[in-house]
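Residue numbers (the working numbering), protein chains in the order written: chain A, 68 to 672; chain V, -11 to 333. Read the structure below first, then the notes.
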């Protein structure tokens, strides 16, 4: 009988357990499929949004994967017999007879024990059971999300794809430009003919020219605009650095010493020009000094140049010292030329026009090279106007002056100069040579450094021009400013234009504007701004930016200095250079006079 | 015939009939209090002792006297008072002089009331702890030691102690460790209006005779043996163990209420009492195995006097019954997956 009870229980329990486990498997598969379909709907939506149209239907496969995963989970977490028995006991209200029977079936049959009773009670509970009562609920309300997700997958698979978004705009400057004839680069290329102060500078100038040539070639083939703009900007940076090289860390002490020496000799104009690093202006100032009539002034200028060159060399500014020595040699040559002009003018005194006389007067007073040019031209015209007798008499007077001087030096010209001048006047070839020489004097020779300075300025302007040609707005360059003390080259009635290359580039027909604080302006200042006829204030400046020479001292390029650096730390590069306003800044400062030397020594680099 | 008589179903049938008759007999004397009667029977079948707590006049003594009468066991009653001595409970050796012949005297054991089979320890909390301990030792050991001699008590030995919860002056509350000796602590509720009406009618008429013998000593011992034979599945035992563990505030999974309101949980004796009392419940229900519901039914009377409240619990007025209810409600009987599947019906 107990064996029969056991068999009955085993049979009924096995059947019931199979049913429970099957429903559990179904439940987990359904849950997995629902989760998979929800994920599939999300994937389909994502695919739709990225317009991967052909992949959308495949997202439904996630539902199948979910069902398989649910089956795997169900098999992995398959209920044990004990768990099934506990479930059945609870469902059937069997008072834990089934789970107790599971344990009892493993125990040995005992006569007075409860085993048989328990097995029988469990079997009866299982036999009484309503099959529906044994079912594990396999549908949950939230599985409806799976159905909705399936519909979502279908919709996302069938819905038309969203329109293509507009292509992202190309980054600014990425377009290819082909500009074989970009203006301005030729001025940089011309640097290779300029010649350097030394081999290193010559090499640098050739490098700049080569880079400009290479850029021109690249532009002819086609290059990204931003790349071309960057290369032009680098060229401009290098040009600005080259112009400021005499004021760099190595040359700065020497330049300050040289400026000091010039200032000691009251050569303020030359000192300021050298302090600004403006060698062209410095050359002009020295030309003025060489043209001066007073020998004492010229001697002082010569000595100042010698002292400045010596001081620069002592401070290690070898390049500057050489430049000053070259200036000194040129100074002697100019001095002689100016003397010759004056001597000839004196001999031709009766033949000179009123304009030539004014030029002679101005030449003697200011030594202005422009006055020198006009005087030389007037002398040439006067020579052309002399007949043969007058020229002979002129030669004789020159010989008498030569004999009268007896080489004693009473004449400002040397004996050799007078002999040469007389000889030329006697022969037609000599006259032609003399006229040619006067024409040469009308074009005063600039110093090599001044020529180089002008060449670099031209190159900088060329760089700005090239930058404009590439569509960029050029930063102001560090070019040489106009003289600033005199009116610009406008067509003023007096016609005493500023000597420097004026940035204004004015219309010759327009009235000249005020040139400096000393010039209160003689031109017309009338005019008015036309009324803007519009509904709102919206205007656009159409003036040329940076059309003239760049402002001097403007910072260009990248600054190597870093935030937090102190004044004790010598800078390098453009920002580290001393500015013109800093020269003798200590003397102008509010530091009490008795402490200025001490403080100055402290800040001396 | 004998095979049938000794088989488990036959024993179970006899036990059901006997307990049914016992219930009916007690029911004739006691109005209502069905749950109290059942709980006393659980203790009787489980072989434990009962601490009855209730207000005066709720029939505690009558219940015990009725039970003793129906069981045909020797009954003794000890009225605990503060001057009661341990020897008054256990008995003592007295010197008996020689007879007329003038022989030598000898000591004779005068057994105390503890030597009864059904002992009513009335108002146990009125005695001093020394006297209480004499009783509690007998309850644990089923034996007493008098003058160095150990005297086993006659089985079945069944103590029913009463105490009055509202009168605290001049009482000595039982120490928690000794409360553990009681299998159940039965709280006698106040009668309902109908029950009170019936009590008044019944007690103000002529006295009713106590029931005659229904179960003898052997019957009680057989019932106790049968109770021990009731099967308990391992998940049910584990459930009882989880309940006991969850009552400890130091347990990792203890609830916030347990941590806050309890100082000590039920110990091993509590778990043993849970299973034993659950077996008795199953036996009274005529089942050969214990169900989860049996454990849940006995949880309150088994655990309420074993849980020691913390100061915070006492201050907040958290009763041990409330804690037991939270344990029964919070500790799942079945594995989590099965519970989830059942809730999903």
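For glycine and all other residues, C-beta sits at the position ideal for the given N, C-alpha and C. A quick note: this is a predicted structure, and the numbers were derived from the prediction, not measured.
Where residue i sits in the DSSP three-state scheme
i, result
"residue 289 of chain V", "helix"
"residue 197 of chain A", "coil"
"residue 272 of chain A", "helix"
"residue 311 of chain V", "helix"
"residue 210 of chain A", "helix"
"residue 170 of chain V", "coil"
"residue 665 of chain A", "helix"
"residue 152 of chain V", "coil"
"residue 101 of chain V", "helix"
"residue 244 of chain A", "strand"
"residue 42 of chain V", "coil"
"residue 631 of chain A", "Because residue 631 of chain A sits at a pLDDT of 46, beneath the cut-off of 50, its placement in the model cannot be relied upon, and the following sentence gives the value as read from the coordinates. In the structure shown, residue 631 of chain A sits in coil (DSSP, three-state: anything other than H, G, I, E or B)."
"residue 657 of chain A", "coil"
"residue 251 of chain V", "strand"
"residue 556 of chain A", "With a pLDDT of only 40 at residue 556 of chain A, under 50, the local geometry of the prediction cannot be trusted, and the value read off the model is given with reservation. Here residue 556 of chain A sits in coil by DSSP."
"residue 144 of chain A", "coil"
"residue 197 of chain V", "coil"
"residue 360 of chain A", "coil"
"residue 189 of chain A", "helix"
"residue 86 of chain A", "helix"
"residue 478 of chain A", "Any reading at residue 478 of chain A is ruled out, since the residue's pLDDT is 44, under 50, leaving its predicted position unreliable."
"residue 231 of chain A", "coil"
"residue 370 of chain A", "helix"
"residue 562 of chain A", "Reliability fails at residue 562 of chain A, whose pLDDT of 35 lies under 50, so the model's placement of it is uncertain and the value that follows must be treated cautiously. It is coil, neither helix nor strand."
Selection from the options that minimises the alpha carbon distance to residue i
i, options, result
"residue 358 of chain A", "A/96, A/427, A/95", "A/427"
"residue 4 of chain V", "V/140, V/16, V/20, V/26", "V/26"
"residue 350 of chain A", "A/362, A/360, A/363, A/368", "A/368"
"residue 42 of chain V", "V/175, V/226, V/12, V/167", "V/175"
"residue 517 of chain A", "A/348, A/655, A/461", "A/348"
"residue 51 of chain A", "A/304, A/261, A/240", "No information on residue 51 of chain A is available, as it lies outside the stretch 68 to 672 that chain A covers here."
"residue 318 of chain A", "A/391, A/289, A/365, A/371", "A/391"
"residue 116 of chain V", "V/73, V/222, V/82", "V/73"
"residue 421 of chain A", "A/432, A/441, A/410", "A/441"
CB of residue i within 9 Å of CB of residue j, strictly
i, j, result
"residue 62 of chain V", "residue 28 of chain V", "no"
"residue 434 of chain A", "residue 382 of chain A", "no"
"residue 171 of chain V", "residue 290 of chain V", "yes"
"residue 514 of chain A", "residue 393 of chain A", "yes"
"residue 199 of chain V", "residue 54 of chain V", "yes"
"residue 323 of chain A", "residue 301 of chain A", "no"
"residue 94 of chain A", "residue 228 of chain A", "no"
"residue 148 of chain V", "residue 40 of chain V", "yes"
"residue 255 of chain A", "residue 529 of chain A", "yes"
"residue 276 of chain V", "residue 181 of chain A", "yes"
"residue 268 of chain A", "residue 316 of chain A", "no"
"residue 152 of chain A", "residue 169 of chain A", "yes"
"residue 21 of chain V", "residue 59 of chain V", "no"
"residue 293 of chain V", "residue 206 of chain V", "no"
"residue 130 of chain V", "residue 103 of chain V", "no"
Proximity test, residue i beta-carbon vs the ligand COA heavy atom, cut-off 8 Å
i, result
"residue 370 of chain A", "By its list of ligands, the structure shown contains no ligand whatsoever, and the ligand COA lies outside what it can speak to."
Residues bridged to residue i [DSSP beta-bridge criterion]
i, result
"residue 347 of chain V", "Residue 347 of chain V lies beyond the range of chain V shown here (-11 to 333); nothing can be said about it."
"residue 401 of chain A", "None, per the DSSP bridge assignment."
"residue 133 of chain V", "V/138"
"residue 96 of chain V", "V/82"
"residue 406 of chain A", "Its beta-bridge partners do not exist; DSSP assigns none."
"residue 349 of chain A", "Residue 349 of chain A is not bridged to any residue."
Own chain residues within Cβ distance below 8 Å of residue i, not counting five before or after
i, result
"residue 247 of chain A", "283, 286, 287"
"residue 72 of chain A", "183, 186, 187, 190"
"residue 461 of chain A", "414, 415, 453, 492"
"residue 295 of chain V", "235, 250, 252, 253, 254, 308, 311, 312"
Own chain, CB closer than 6 Å to residue i, minus 5 neighbours either side, in chain order
i, result
"residue 249 of chain A", "286, 533, 536"
"residue 319 of chain V", "230, 231, 234"
"residue 228 of chain V", "259, 262, 263, 283"
"residue 656 of chain A", "none"
Cβ neighbours of residue i in the same chain (closer than 7 Å, five flanking residues each side left out)
i, result
"residue 352 of chain A", "336, 337, 340"
"residue 634 of chain A", "Caution applies to residue 634 of chain A, whose pLDDT of 46 falls short of 50 and renders its modelled position unreliable; the value that the coordinates give is listed next. The answer, listed in chain order, is 670."
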